[in-house]
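> Sharing a structure below in structure tokens format, with a few things to ask.
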Amino acid sequence: MSRLDDIAAIRAEFPQLSRLIHGKPLVYFDNANTAQKPRAVIDAVSGYFTEHNANVARAVHTLGEEATSLYEAARDKLARFVGARSREEVVFTRGTTESVNLVAYSFLRPTLKPGDEILVSRMEHHANIVPWQLIAAETGARVVPAPITDTGELDVEGTVALMNERTQLVGLVHVSNALGTINPVATIIAAAKARGIPSLIDGSQAVPHFKVDVAALDCDFYVLTGHKLFAPTGTGALIAKREHLDAMPPFMGGGEMIRRVSFEGTTFNDPPHKFEPGTPNIAGFIGLGAAVDWLEAVGMDAIAAREARLRDTMRAALGEVDGLRLIGTARERAAVFSFVVEGAHAHDLATLLDHEGVAVRSGHHCTHPTMQFFGVPATVRASLSFYNTEDEIAAFVAALAKVRRMLA
Amino acid sequence: MSRLDDIAAIRAEFPQLSRLIHGKPLVYFDNANTAQKPRAVIDAVSGYFTEHNANVARAVHTLGEEATSLYEAARDKLARFVGARSREEVVFTRGTTESVNLVAYSFLRPTLKPGDEILVSRMEHHANIVPWQLIAAETGARVVPAPITDTGELDVEGTVALMNERTQLVGLVHVSNALGTINPVATIIAAAKARGIPSLIDGSQAVPHFKVDVAALDCDFYVLTGHKLFAPTGTGALIAKREHLDAMPPFMGGGEMIRRVSFEGTTFNDPPHKFEPGTPNIAGFIGLGAAVDWLEAVGMDAIAAREARLRDTMRAALGEVDGLRLIGTARERAAVFSFVVEGAHAHDLATLLDHEGVAVRSGHHCTHPTMQFFGVPATVRASLSFYNTEDEIAAFVAALAKVRRMLA
Amino acid sequence: MSAHPSTLYSETVLAHNRAPRHCGCLADATHRGVAENALCGDQLALTLRLRGDLIEAAMFDGESCAITTACASMLTAALHGAPRARVGELRMVMTAMFRGDATAPGEFAAFAELRHHPARQRCALLPFDAALSALQPKE
Amino acid sequence: MSAHPSTLYSETVLAHNRAPRHCGCLADATHRGVAENALCGDQLALTLRLRGDLIEAAMFDGESCAITTACASMLTAALHGAPRARVGELRMVMTAMFRGDATAPGEFAAFAELRHHPARQRCALLPFDAALSALQPKE
Ligand SMILES: Cc1ncc(COP(=O)(O)O)c(C=O)c1O
Ligand SMILES: Cc1ncc(COP(=O)(O)O)c(C=O)c1O
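Chains S, D, L and V supply the protein sequences, listed in that same order. Each residue of the first sequence is one higher than the one before, starting from 1 at the first, in my numbering. Each residue of the second sequence is one higher than the one before, starting from 409 at the first, in my numbering. Each residue of the third sequence is one higher than the one before, starting from 817 at the first, in my numbering. Each residue of the fourth sequence is one higher than the one before, starting from 956 at the first, in my numbering.
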């Protein structure tokens, strides 16, 4: 018995899912872009504004203590949810993008030398490419692409072969947002570790879909973003080994990240606060805490099981569509499907599907190198979440047939 | 006739103001820390979640277009509100802290040399000190404190005298959060400009209280934070001259800030997007747009006039309290009062005032050097906003007398 | 906020998309320009033959969406025999139309519905930007 | 979440704050430590005289809030004649009390209400941290 068995009740908790688009019921298949928010999250956010609004970590008055408790409780919840070794290892950031930049600026840049290499796969999101390019350009290091196969899977042997004494970091996406591929991150982390190379895993698309245990993975850095995890945008985390956080110099300066400031010299606070200068997105993180509570109540295993069924149904349905080419056909995959359709441009399909109430994303999905590899400028991407249904898949397929007729 | 004439109606728009603290009506005098939010802002935030929740600048579907329109409309509103020359000059950040770090990393650091100087006043918030210290430590530059007087005013002559050919930037707080001082920013900007030195003004405590016209000030950079402007935390802006934004290299890398990514080389987007990588705090900025609308409807001049009256009443009331020493007695000041009381520690006062329903801040207010200058470890700070009342001032004074008796 | 679905992909637009005019490359082009749509990665190349300030011929090339293709088809037709300044003028009318301040001439009016699709306005502007890039003095 | 206002500043705490015991510096101290409260900038210095593992005398010095002062007054009293390990043990009981898992012995129980004031727990821990710093082996 899982709460997901009553999917109508679950869907009723997400106000947006009952919206009409152009007079048609919304079919929201853009979950890899951002997820819809349950009532529990929306209420936690407004409850903070109406009941506890105050700044954190600064004031000793009641509102300040309440806001701080709620904010720091979110850190405890997220730490438990992803299996962090301790709450101090959880640095709150604006999202995956800032998390990667933080590692680039504070961990790697100080020691990066000309000729050093940063190895990231060819299926990374721009957030796991561009920060490395920026510090590489500054220091004379190189960003090296790790190979992928025609099915959109990581070429594990080829990747391990590229690890060498110049490699300063290996970065890999846990689940590809463009291809749906679930990568063998444990294998890559272990291979890197065996060579003394730190690893960073981009879990943006993993944590919403199955149970992740960061301590068991034993990567040096795990990054994630809150808005794909049913929390507000502008929230995210870097989960890093304590030894790194202790050794890393601060990234941005300001209030909270210091112990004492003077013009003669400033001393810094302990992690995670050392990396959280200024006022954070308090409402957002309180929402993230509520999202994690909500997910745990529903159960990540039940979510994964339901999504596996939806994935298989969707996969079969797409297989029936003439002239549709799946981009990314990995065996281990999430319910994220990129495709192109003969004679119809991705953007036209997306706009016309929207006219039928179906929200999908079209474009490069912030993965230019992946698109280049597959020789397409853009794809349509349908990405499902547990709250989607078989009926929606049927509606999507019917809508797709209809809009193709229009464009033909 | 101003909407502020019916202050009960205005207060009713701020749900938090009717909260009870320890059974007593909340007297919220911690506005310089963070402001309470009007219903219009809270509703804009939840309305986004329930009606338009989607990512921005990415998807072509209806929800995506709606979210993008709302988000970008907030930029237009803020640009107009602060008198920016164009919307492209408004870079959205997490807050003042990130804005200053962005200027430090992208504008100053690339050209900073040993011996270079960054001139900031001794009354700056840590957010306008530590970022400069971090890049100074890296490049061999120096952060030079500009002098202040015993009344907590900027020593203008002394400050101008410190501007020289090594000075690469002058940073000044528009209104001091610790002292309440309103600084003669136009004079300092002009003096810096005459010497070819770029200027950065920290407007965090200015924009909530009076009309600011960034174009007229003609500073190179103006920074602000949304949560003191009645918007959610985790929002803010850097308003910068377009020529600087064009010339500055990007700060953080990721999605949205790029035009095209490849392992051979990446090209960047135009400002302001070049400086906004990844998914932003969408709900927060939509709330910021609503806050600006709300403030314009009430009128910044009416707000300034009411706050001037509250300031004078408060000042007179504090003058009557035995053994109370005001820290900061500038002629030009906001309704922000820092003080110490003989025989009573700031934290004890703050906690005990809270027991009477009065929320004030105690501590160093993220201005260690200012506290050091005045020879106090910490002060109590009462900071008022237009929604505060004369009755609340009376309640505060009575509560202060009561808690002093307890501690005596 | 939401558009009327049927009007963006009007018969005019769909017909141009099915059978675009002036598709290909001018063999005797005097000017060539390219524009790219960051959103989808589409690239559009435009070739022009000018005599003095007069555009004698125009063709476009590239794989693009129906909006871009139809607009490129209309633009290349509209430019035949037009003065070079026409490109900029037309583009201004288009952006004014997207703000709701004007109606573009002739078939271009088919894109009025883009007012409600800000993310896709760039698709219709792409051919104009390729033409402007072609006409820009090159070092 | 909200504390009962009266119990944090109890008569016990206020009395200690008005007339703290062992305030000043031990002239014949064998150990000295300092701790600082980042929130308010308070510094507390603690001097100890040890014979072997036994604390013979303890005094504290510094301007601090009533919570810190009262706790320092209680701690210095509690340490007279105690083994050095007592500092760490007592600190653990205090933090357990802040979690609601224990009651601290004697007058220290007066700080139970800090459970509802996380921002001010550090005030009561400051004397313990100064003592731990004093006892820490110095290079
Ligand atoms: C003058 C001043 N500057 C900077 C800041 C930092 O703002 P934020 O924490 O929102 O980045 C504050 C507020 O704390 C402030 O009062
Ligand atoms: C795999 C992956 N990495 C990184 C990101 C960037 O996340 P954010 O924009 O929240 O920083 C995303 C989402 O767009 C993603 O799917």
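Note that beta-carbon positions come from the ideal geometry of N, C-alpha and C, so glycine has one too. Just so you know, these numbers come straight off a predicted model, no measurement behind them.
Which ranges does the beta strand (DSSP E) cover as unbroken runs of at least 3 residues, wholly within the stretch 240 to 327 of chain S, from first to last along the chain?
As far as the stretch 240 to 327 of chain S is concerned, its whole beta strand (DSSP E) runs of at least 3 residues are 258 to 260 and 324 to 327.
> Does D:F745 come out as helix, strand or coil in the three-state DSSP assignment?
In the structure shown, D:F745 sits in a strand (DSSP, three-state: E or B).
> Would D:F676 and D:P688 qualify as a contact pair, given that the criterion is a beta-carbon distance under 7 angstroms?
No, these two residues do not count as a Cβ contact at 7 angstroms.
> Just checking D:H855 against ligand 1 - is the residue's beta carbon closer than 6 angstroms to any of the ligand's heavy atoms?
Here chain D covers residues 409 to 816 and nothing more, so residue 855 of chain D does not appear.
> Specify, as a first and last residue, the run of the alpha helix (DSSP H) that D:Q780 falls within.
D:Q780 -> alpha helix (DSSP H) spans H776 to F782.
> Within the continuous alpha helix (DSSP H) that includes D:R530, where are the two ends?
Segment: none, D:R530 is in no alpha helix (DSSP H) and carries neither H nor E.
> Name the DSSP bridge partner or partners of D:G644?
According to DSSP, D:G644 bridges with D:T501 and D:T633.
> S:S466 versus chain V: which residues are under 9 angstroms apart at the beta carbon?
Any answer about residue 466 of chain S is impossible in this case: the structure gives chain S only from 1 up to 408.
> Might you give, ordered along the chain, the residues of its own chain that have their beta carbon closer than 7 angstroms to the beta carbon of D:A544, omitting 5 neighbours on each side?
If we look at D:A544 and ignore the five residues flanking it on each side, its Cβ neighbours are I526, R550 and V551.
> Quick check on this structure: which residue in S:A206, S:G152, S:R195 and S:A191 has the alpha carbon closest to the alpha carbon of S:V175?
Of the listed residues, the one whose Cα sits closest to S:V175 is S:A206.
> Give the straight-line distance between the Cα atoms of D:V620 and D:H776, rounded to the nearest whole angstrom.
Whole-angstrom Cα-Cα distance: 27 angstroms.
> With contact counted as at least three CB pairs below 8 angstroms, one residue from each stretch, are the stretch 997 to 1012 of chain V and the stretch 1034 to 1053 of chain V in contact?
Output reads yes: the stretch 1034 to 1053 of chain V touches the stretch 997 to 1012 of chain V.
> Could you give the distance in angstroms between the alpha-carbon of V:A1074 and the alpha-carbon of V:A1067?
Using only the alpha carbons, I get a separation of about 14 angstroms.
> Assign L:L895 to one of three DSSP states: helix, strand, or coil.
L:L895 falls in the helix class under three-state DSSP.
> Show which residues of chain C have a CB atom less than 9 angstroms away from the CB atom of V:R1075.
In the displayed structure, chain C is absent; the protein chains listed are S, D, L and V.
> At a cut-off of 6 angstroms, would you count S:S204 as near ligand 2, judging by its Cβ distance to the nearest heavy atom?
Because some heavy atom of ligand 2 lies under 6 angstroms away, the Cβ of S:S204 counts as near it: yes.
> Write down the C-beta distance between S:V214 and S:I239 rounded to the nearest angstrom, noting that I regard them as a contact closer than 8 angstroms.
5 angstroms between Cβ atoms; contact.
> State yes or no: is the C-beta of S:V336 nearer than 6 angstroms to some heavy atom of ligand 2?
Outside the cutoff, so no.
> Short of 7 angstroms Cβ to Cβ, which residues in the stretch 850 to 874 of chain L face chain D?
Residues passing the 7 angstroms Cβ filter: A854.
> My guess is that L:A854 and L:F876 are in contact by the Cβ rule of under 8 angstroms, so how many angstroms apart are they, rounded?
Actually they are not in contact, since the Cβ atoms of L:A854 and L:F876 sit about 19 angstroms apart, beyond 8 angstroms.
> Quick one: is V:A1021 near chain D, going by C-beta distance under 7 angstroms?
With 7 angstroms as the cut-off, V:A1021 counts as an interface residue toward chain D.
> Using only the heavy atoms of ligand 4, determine whether one of them is closer than 6 angstroms to the beta carbon of S:G363.
Looking at this structure, you won't find ligand 4 anywhere; what it does contain is ligand 1 and ligand 2.
> Buried or exposed: which applies to D:T519, given that a residue is buried once 16 or more other Cβ atoms fall within 10 Å of its Cβ?
Classification for D:T519: exposed.
> What does the Cβ neighbour count give for V:P1060, buried or exposed, with the cut at 16 atoms within 10 Å?
That one is exposed.
> Determine the DSSP secondary structure at V:G996, reduced to helix, strand or coil.
V:G996 falls in the coil class under three-state DSSP.
> Looking only at DSSP bridge pairs, what is S:E117 linked to?
DSSP lists S:R142 and S:T167 as partners of S:E117.
> Does the stretch 38 to 57 of chain S touch the stretch 271 to 288 of chain S, meaning 3 or more C-beta pairs lie closer than 8 angstroms?
Segments in contact, yes.
> Rounded to whole angstroms, what is the Cα-Cα separation between S:P377 and S:A346?
If I take the Cα positions, the gap works out to 9 angstroms.
> Does any residue of chain V have a CB that is nearer than 7 angstroms to the CB of D:G579?
No - not a single Cβ of chain V is within 7 angstroms of the one on D:G579.
> Between D:V498 and the rest of its own chain, which residues show a CB-CB distance below 7 angstroms, the 5 nearest in sequence each way excluded?
The residues are R483, L486, A487, A492, A645, I647 and P680.
> Could you spell out where the beta strand (DSSP E) holding V:E991 opens and where it closes?
Start and end: H986 to E991.
> Would you say D:H681 lies against chain S (beta-carbon separation less than 7 angstroms)?
So no, D:H681 is outside the interface.
> Would you mind giving the Cβ-Cβ distance between S:R327 and S:T379, rounded to the nearest angstrom? I have them listed as a contact below 8 angstroms.
The question names Arg, but residue 327 of chain S in the sequence shown is Ile. Going by Cβ atoms, the distance from S:I327 to S:T379 rounds to 5 angstroms, so yes, they are a contact pair.
> Pull the bridge partners of S:G363 from the DSSP assignment, please.
Bridge partners of S:G363: S:T379.
> Looking only at C-alpha atoms, which of L:A882, L:L948 and L:A851 sits nearest to L:Y825?
Out of L:A882, L:L948 and L:A851, L:A882 has the C-alpha closest to the C-alpha of L:Y825.
> Is it buried or exposed for S:P232, if we count other Cβ within 10 angstroms and need 16 for buried?
S:P232 should be labelled buried.
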